[in-house]
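What follows is a short report on a single structure.
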Amino acid sequence: MNKEPTLPNKPLWVPEREFLDEENRQSIIKILGVIATDRSNRQFAEAAQAVASDVESGGELAPGSRDFMWARFMGVQHGTMEGGDGKVRVNEENYSRLRPLAEQLHYGDMRFLESNPADSTVEYGSSIVLGGSAGEMPKRLQAARGKNPRDIAVQDTYLLVGQRQRWNGIPTEKDPDAILAAVSRSLDGVDMDKLKEKSPWLRDELRKKVEAGSWGEAFATEMAIGRLGLEAYFDRHGLIDWENGVEETAPSDNQPSIPGVPDRENVLVTYHLLDGTRATLLNAAAVPRKRGVPRPTSDSQIKELLDLGVLERNKEHPISIITDSPHYLRAATDVAIRILAHPETRDIVIVPPVSPYRPSSPENVLKALGEIPATYKADKRVHAVLRGEDPDSKELADL
Numbered sequence: 002m003n004k005e006p007t008l009p010n011k012p013l014w015v016p017e018r019e020f021l022d023e024e025n026r027q028s029i030i031k032i033l034g035v036i037a038t039d040r041s042n043r044q045f046a047e048a049a050q051a052v053a054s055d056v057e058s059g060g061e062l063a064p065g066s067r068d069f070m071w072a073r074f075m076g077v078q079h080g081t082m083e084g085g086d087g088k089v090r091v092n093e094e095n096y097s098r099l100r101p102l103a104e105q106l107h108y109g110d111m112r113f114l115e116s117n118p119a120d121s122t123v124e125y126g127s128s129i130v131l132g133g134s135a136g137e138m139p140k141r142l143q144a145a146r147g148k149n150p151r152d153i154a155v156q157d158t159y160l161l162v163g164q165r166q167r168w169n170g171i172p173t174e175k176d177p178d179a180i181l182a183a184v185s186r187s188l189d190g191v192d193m194d195k196l197k198e199k200s201p202w203l204r205d206e207l208r209k210k211v212e213a214g215s216w217g218e219a220f221a222t223e224m225a226i227g228r229l230g231l232e233a234y235f236d237r238h239g240l241i242d243w244e245n246g247v248e249e250t251a252p253s254d255n256q257p258s259i260p261g262v263p264d265r266e267n268v269l270v271t272y273h274l275l276d277g278t279r280a281t282l283l284n285a286a287a288v289p290r291k292r293g294v295p296r297p298t299s300d301s302q303i304k305e306l307l308d309l310g311v312l313e314r315n316k317e318h319p320i321s322i323i324t325d326s327p328h329y330l331r332a333a334t335d336v337a338i339r340i341l342a343h344p345e346t347r348d349i350v351i352v353p354p355v356s357p358y359r360p361s362s363p364e365n366v367l368k369a370l371g372e373i374p375a376t377y378k379a380d381k382r383v384h385a386v387l388r389g390e391d392p393d394s395k396e397l398a399d400l
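In the working numbering, the protein residues as written are 2 to 400.
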């Protein structure tokens with residue numbers, strides 16, 4: 002805890018030492034050395050050598066080094082929507098050399114490519130589950146509350162989803178059948194036909210047309226896919242009150258308007274569960290992006306959730322933040338920055354981020370490399386807010 006009462010509480014995983022400590026520096030230098038000598042990445046050899054020299058020299062990363070990492074490492078964090086063109090390649094030829102180096106990357110005492118379960122001995126006020134694909138979101142809900150939601154005490158579970166159109170390019174979201182199958186698989190074969198019998202919303206959703214690219218089709222958005230996963234997870238354990246336990250909150254009259262993106266019908270959908278807890282979907286508004294189609298970001302989602310005031314309900318209990326490795330540490334830090342900067346939530350204890358087990362793969366190793374510049378930036382920003390400074394200053398934004 003901070004000694005000065007005017008400053009926010011430090012999240013429990015954020016280290017005092019900087020992200021670029023000696024161990025991370027050496028791991029990054031070795032990673033760049035592999036890239037510089039690898040046949041698959043010969044186009045990046047000269048630049049990788051220059052960045053390695055900069056990292057080895059100590060001090061802050063030079064702008065050119067940061068630019069190289071953002072351009073050549075980052076960009077596959079969000080599936081095929083972002084694309085992999087121009088990125089470093091991790092393949093069968095170099096995976097065996099890059100994987101052990103990526104496994105050494107860490108933030109504080111937690112490593113990028115490790116999972117971290119929720120603590121079943123803690124009563125959480127809120128668990129913030131970041132959205133994802135059809136197969137990922139139920140796994141993240143399980144990580145937050147356990148295989149059985151009664152295993153881990155959470156007063157309010159928030160699944161942060163929104164106006165992101167489904168990713169036709171990934172197998173688990175190519176059509177409604179694939180989405181239903183992915184959710185069922187992620188919950189060990191839950192019976193979706195039985196869920197359909199109970200859920201009026203699901204029956205209505207399945208009556209919609211299937212027209213890829215349309216906002217009006219079945220499971221068109223992350224919100225709809227997340228709602229399916231949430232209903233399947235909690236209904237499997239008999240916790241949804243189907244008669245009078247679902248409450249929808251309409252958006253304000255001044256909700257943002259983006260060309261080509263329809264207005265939202267709701268901003269929150271809350272399930273008042275039979276164990277006395279709540280599970281809520283945040284249907285976050287899409288935001289314009291410099292690259293790619295409009296969609297919510299984790300930053301815009303947590304801002305919207307904070308503006309709604311719901312996180313203030315359980316301030317006396319800690320908050321957990323849940324998403325997948327390798328980006329769980331950086332994403333949780335980004336979310337924590339907004340909680341710490343908000344006057345009504347800055348004193349809440351934020352526990353180490355939770356991540357379900359995810360086997361390592363070439364794709365995950367490349368994602369871990371992308372987290373190097375992202376975590377470097379997040380670390381600078383979170384320490385700024387802990388000092389009472391602006392985490393959105395131009396100097397920090399330019400990192």
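Virtual Cβ for every residue (Gly too), placed ideally from N, Cα, C.
For the candidate residues the options, whose alpha-carbon lies nearest to that of residue i?
i      : options                        : result
Lys395 : Arg388, Arg382, Gly389, Leu387 : Arg382
Glu24  : His318, Gln105, Val123         : Gln105
Gly350 : Arg26, Phe45, Ser127           : As written in the sequence, residue 350 is Val, which differs from the Gly given in the question. Comparing Cα-Cα distances from Val350 to each of Arg26, Phe45, Ser127, the minimum goes to Ser127.
Ser58  : Val35, Leu21, Ala72, Asp86     : Leu21
Thr376 : His328, Ser362, Ser361, Val352 : His328
Glu61  : Lys291, Asp391, Pro374, Ala385 : Pro374
Phe69  : Ala49, Asp86, Val56            : Ala49
Leu269 : Asp308, Asn42, Leu275, Val91   : Asp308
Thr222 : Ile259, Gly132, Ser121, Ala63  : Gly132
Trp14  : Gly190, Lys368, Val352         : Val352
Glu248 : Lys148, Ala103, Leu274, Asn255 : Leu274
Leu1   : Glu372, Ser185, Leu102         : An answer regarding residue 1 cannot be provided, because it is not within the stretch 2 to 400 covered by the chain.
Ala145 : Phe235, Asp86, Glu218, Asn255  : Phe235
Glu364 : Ala72, Ile320, Val91, Ser54    : Val91
Gly147 : Ser361, Val355, Pro360         : Val355
Ser187 : Glu137, Glu232, Gly214, Asp205 : Glu137
Pro319 : Ser121, Ser116, Leu142         : Ser121
Ser200 : Gly109, Leu240, Glu218, Leu306 : Leu240
Ser301 : Val311, Gln143, Asn284         : Asn284
Asn149 : Leu231, Ser28, Glu47, Arg26    : Leu231
Tyr358 : Gln143, Ser28, Ala37, Tyr272   : Gln143
Could you give the first and the last residue of the continuous beta strand (DSSP E) run that contains residue i?
i      : result
Asp157 : 155-163
Gly126 : 125-131
Ser215 : Element bounds for Ser215: n/a, residue is neither H nor E.
Val52  : Taken as a continuous stretch (DSSP letters only), Val52 belongs to no beta strand (DSSP E), being part of the alpha helix (DSSP H) at 46-57.
Ser321 : 320-323
Which residues in the same chain as residue i place their Cβ atom closer than 8 Å to its Cβ, once the five residues preceding and following it in sequence are excluded?
i      : result
Ala179 : Ala135, Pro172, Thr173
Leu181 : Met193, Leu229
Leu387 : Asn3, Leu8, Pro9, Lys11, Val15, Leu341
Ala251 : Glu266, Asn267, Val268
Return helix, strand or coil for residue i, following the three-state DSSP convention.
i      : result
Tyr358 : coil
Val383 : helix
Thr346 : coil
Val352 : coil
Met138 : helix
Leu269 : strand
Gln166 : strand
Leu240 : coil
Thr81  : Low confidence applies here, because Thr81 scores a pLDDT of 41, under 50, leaving its location unreliable and the question unanswered by this model.
Val336 : helix
Asn117 : strand
Val288 : strand
Arg90  : coil
Arg388 : coil
Arg146 : helix
What are the boundary residues of the alpha helix (DSSP H) that includes residue i?
i      : result
Leu283 : Where Leu283 is concerned, there is no enclosing alpha helix (DSSP H), although the beta strand (DSSP E) it sits in stretches over 279-285.
Val247 : Run containing Val247: none in the alpha helix (DSSP H); it sits in the beta strand (DSSP E), 247-250.
Leu312 : Premise fails: Leu312 is in no alpha helix (DSSP H) and is neither H nor E.
Lys199 : 193-199
Pro263 : Segment: none, Pro263 is in no alpha helix (DSSP H) and carries neither H nor E.
Ala183 : 177-187
Trp71  : 64-73
Glu23  : 23-37
Glu317 : Careful: Glu317 lies outside any alpha helix (DSSP H) and carries neither H nor E.
For residue i, which residues in the same chain have their Cβ closer than 7 Å to its Cβ, ignoring the five residues on either side in sequence?
i      : result
Glu19  : Asp380
Val336 : Ile129, Ser299, Ile303, Ile322
Asp393 : none
Arg67  : Pro374, Leu400
Ile259 : Ala287, Pro289, Pro295
Ala369 : Ala103, Leu106, Phe113, Leu114, Pro327
Glu313 : Glu345, Thr346
Asn315 : Gly126, Ser127, Gln156, Asp157
Ile30  : Ala53, Val56, Glu57
Take residue i and list the residues in its own chain whose beta-carbon comes closer than 6 Å to its own, dropping the five residues that flank it on each side.
i      : result
Ala398 : none
Thr334 : Ala379, Val383
Gly80  : Annotation note: pLDDT 41 at Gly80 (below 50); position unreliable, coordinate value reported separately. Trp168, Ile171, listed in sequence order.
Ala154 : Glu124
Pro263 : Trp216
Val191 : Ser185, Ala233, Arg237
Query raised in the report: Is the segment 156-163 in contact with the segment 282-298, if contact means three or more CB pairs nearer than 8 Å?
Result: yes
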